[in-house]
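Trainee: Numbering of the sequence shown is given in the working numbering, commencing with residue 36 and proceeding in unit increments. My questions all concern the structure below.
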Amino acid sequence: MKQDHGKKPYYERYLSEDIPFDPDKQTAVIKCSICTGEQIAGFKNKEDGNFTEVMLIRDADDLAKFKEIYKIEEIKKVY
């Protein structure tokens, strides 16, 4: 993602506005690939199970940023 010379990264400025999170209708999950180990953070709709991808999780810092942006304390993994 593009950074603006030391300013806040794109995902910290616009992510929560572009992809809203409604805890009543959605659950925050990390979708993990069994084969490659790739992890995608996003939201799973409680009604129909639709998954909305938000960001790639490469390390613990990315996960912490995702939780901070959306004010999430607990997140479950789905394989």
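Every residue gets a Cβ at the ideal spot worked out from N, C-alpha and C, and that includes glycine. Just so we're clear, the structure is a prediction, and the values are computed from it rather than from any experiment.
1. Fully enclosed by the stretch 52 to 104, which beta strand (DSSP E) runs are 3 residues long or longer?
2. Which two residues bound the contiguous beta strand (DSSP E) that contains K112?
3. Could you pull out every residue in the same chain whose Cβ sits closer than 7 Å to the Cβ of A95, ignoring the five residues on either side in sequence?
4. Can you give the Cα-Cα distance for Y105 and I69, rounded to whole angstroms?
Mentor: Reading from the atomic positions:
1. 61 to 67, 74 to 80, 86 to 92
2. 111 to 113
3. none
4. Rounded to whole angstroms, Y105 to I69 spans 26 Å at the Cα level.
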